[in-house]
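Chemist: Each residue of the sequence shown is one higher than the one before, starting from 65 at the first, in my numbering.
Think of the CB as a built atom: it goes at the ideal place given N, C-alpha and C, for glycine as much as any other residue.
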Amino acid sequence: MSAAFRPKPHPSPDQGRRFAFWKPRGIAFQGALIAGLVAGGLTWLGGQYLIQTDSKALAKESGIGLRHQAELMAHEIGLPLDAGEKQRALQALHRRLAQLPGATAFVVDANGQTILAGGPDVGAQDIRHVRFIDENTQLGDWGNGKALEVSQEVRGRLLPIGTLHLRQPLPAPVWAGGILPLAQVFSLFSAVAAFCFLSFAMRGIDPLHRVLDRAGAGDFYERAPVVGCYELRQLIQKTHEVLQRVGTAQEEAQKVYVETAIALSKTIEAKDRYTSGHSQRVMIYSVEMGELLHFDEERLETLRLGALLHDIGKVAVPDDVLLKPGALSDEEFQTMKRHPMAGDRILSAIPGLRDMADIARSHHEKWDGSGYPLGVAGDAIPLEARICAIADAYDALVTKRSYKPAMPVAKALEIIEADAGTHFDPELARMFVAMKRAGKGYKPLPQPVAVEVGRNQESISS
Ligand SMILES: [Fe+2]
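1) Using 8 Å as the threshold, is the region 268-288 in touch with the region 94-103, meaning 3 or more CB pairs across them?
2) May I ask you to report which of helix, strand or coil DSSP gives arginine 337?
3) Taking 6 Å as the cut-off, is the C-beta of aspartate 408 nearer than that to any heavy atom in ligand 1?
4) Consult DSSP for alanine 371 and reduce its assignment to one of helix, strand or coil.
5) Helix, strand or coil, according to DSSP, for glutamate 429 in the structure here?
6) Given this structure, state the Cα-to-Cα distance separating threonine 303 from leucine 262, to the nearest angstrom.
7) Kindly examine ligand 1 and report whether one of its heavy atoms sits closer than 6 Å to the Cβ of aspartate 565.
8) Quick check: does the Cβ of aspartate 283 come within less than 6 Å of any heavy atom belonging to ligand 1?
9) One question on the structure: do threonine 107 and alanine 247 come within less than 7 Å of each other, judged by their Cβ atoms?
10) Are the Cβ atoms of glutamate 448 and isoleucine 414 separated by less than 7 Å?
11) Since leucine 392 and serine 329 should fall inside the 8 Å C-beta cutoff, what is the C-beta to C-beta distance between them, to a whole number of angstroms?
12) Can you list, in chain order, the residues of its chain whose CB lies under 7 Å from that of glycine 433, leaving out five sequence neighbours each side?
13) Are the beta-carbon atoms of histidine 427 and aspartate 456 separated by less than 7 Å?
14) Taking Cβ positions, are glycine 435 and histidine 403 nearer each other than 7 Å?
15) Hey, would you say the C-beta of aspartate 336 is under 6 Å away from at least one heavy atom of ligand 1?
16) Tell me the DSSP bridge mates of lysine 468?
17) Taking C-beta to C-beta, are glutamine 318 and glycine 416 nearer than 7 Å?
18) Could you tell me which residues DSSP puts in a beta bridge with alanine 484?
19) Rounded to a whole number of angstroms, what is the C-alpha to C-alpha distance between glutamine 202 and proline 245?
20) Going by Cα to Cα distance, which pick from Gly95, Ile300 and Asp283 is closest to proline 289?
21) Compute the minimum distance between the beta carbon of aspartate 459 and the heavy atoms of ligand 1, and state whether it is under 6 Å.
22) Rounding to the nearest angstrom, what Cα-Cα distance links proline 237 and leucine 109 in this structure?
23) What does the alpha-carbon distance come out to for the pair isoleucine 98 and glycine 90?
24) Would you say aspartate 383 touches ligand 2, meaning its beta carbon is less than 6 Å from a heavy atom?
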């Protein structure tokens, strides 16, 4: 019994396989995307900061140059203004502007309107005075580049008419254009690096998911390879420990359940001295056939227990029907026919006994589909149930019952042979008959001989 309840932990199918770094793609992809974006963003922001710093230095340098030009301009313009030669003042301004490639100069009035700009078409204005408005101002690092104030003399008073502006666009650092490509390269590199790292660190996630899925389905013996980062390895080991405890608890629960079912089955059989030991013999015959079919140990154990408990559903059949010595009425027979489904419900109530429940449910199905409770046929009937059906019928034939004496083995084998292909799986029936005729396997004690078979012998005629 124990083997069926002690499946060995088996490793995940991933164990031993070559590492596939793309497997935990969800975590790796998201992590790589975030890492790439962060790396690219930091690179870009760092570049922008360096550009600003460099630009300030350039602005300061440019401002010093412009200021010098403004001083020269003020000197050249100031003299003609004092003499009232406006045209000369403008010419001087134009000449000076021509020496500032890329720079512009213009005078803006108090309303923000340009009233004089560097160029040959600028109209004459009453410029009478030019002076610095802020000795400390440096062009280039100052917002408007405002350096000179221009005033007009009206009735002996100097009234401001505008301010002279000098502007020169600052060149960007030569390396500034490389910031975006650099950020893109860093993003890509960081994304690939993060993807590889996370994939490697999290490579135990998928197998662990499979282990938990299997546990959810009642299999607590699937194991995942203990791989990945430290935290993940700890998680996998803890999961294995918990599953081991749950699996052990389930084994104990199954043992108790099956032992209870066996005790109950024996109790039912003990009510009728003629059927006492029937399930044990059905188990022996079934296992003999399972061994002929080279079942492995686990499958043999399932067959052994399933055959032993194949009639457990009779616990739901009233004693007046179960123990009736004579023929069953139609109504009583319908009651008796409920026991396979009752057995299925009893054995499928606990995880891990599904295969045994299949035997209990299907041991009265027939190869041609005329059996019960579902009327399935051929290979649709579980193999173990087909085996159990032959063993069940054979034992019922060769043992004495309240309504019939025991049948000779040779006659019973003839009946099973005749029913091959209708009641029984033909191949299994021939195999069983051949085995028994060869004198192999278990032989029940000889009993009084008879050939009649009664209606209430549910194992044969129903
Ligand atoms: Fe039965």
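Modeler: On the basis of the supplied data:
1) no
2) coil
3) Result no, Cβ not under 6 Å from ligand 1.
4) Here alanine 371 sits in helix by DSSP.
5) It is coil, neither helix nor strand.
6) In a straight line, the C-alpha of threonine 303 is about 21 Å away from that of leucine 262.
7) No answer is possible for residue 565: it lies beyond the span of the chain, which begins at 65 and ends at 526.
8) no
9) yes
10) Cβ distance not < 7 Å, so glutamate 448 and isoleucine 414 don't count as in contact.
11) With 8 Å as the limit, leucine 392 and serine 329 do not qualify as a contact, their Cβ atoms being about 21 Å apart.
12) Gly439, Val440 and Ala441
13) yes
14) no
15) no
16) Paired residues: Arg465.
17) yes
18) Phe488
19) Caution is warranted here: a pLDDT of 39 is assigned to glutamine 202, below 50, making its placement in the model unreliable, and no coordinate value can be reported.
20) Ile300
21) no
22) Their backbone Cα atoms lie some 15 Å apart in a straight line.
23) 12 Å
24) With respect to ligand 2, the structure offers nothing, as its ligand set consists of ligand 1.
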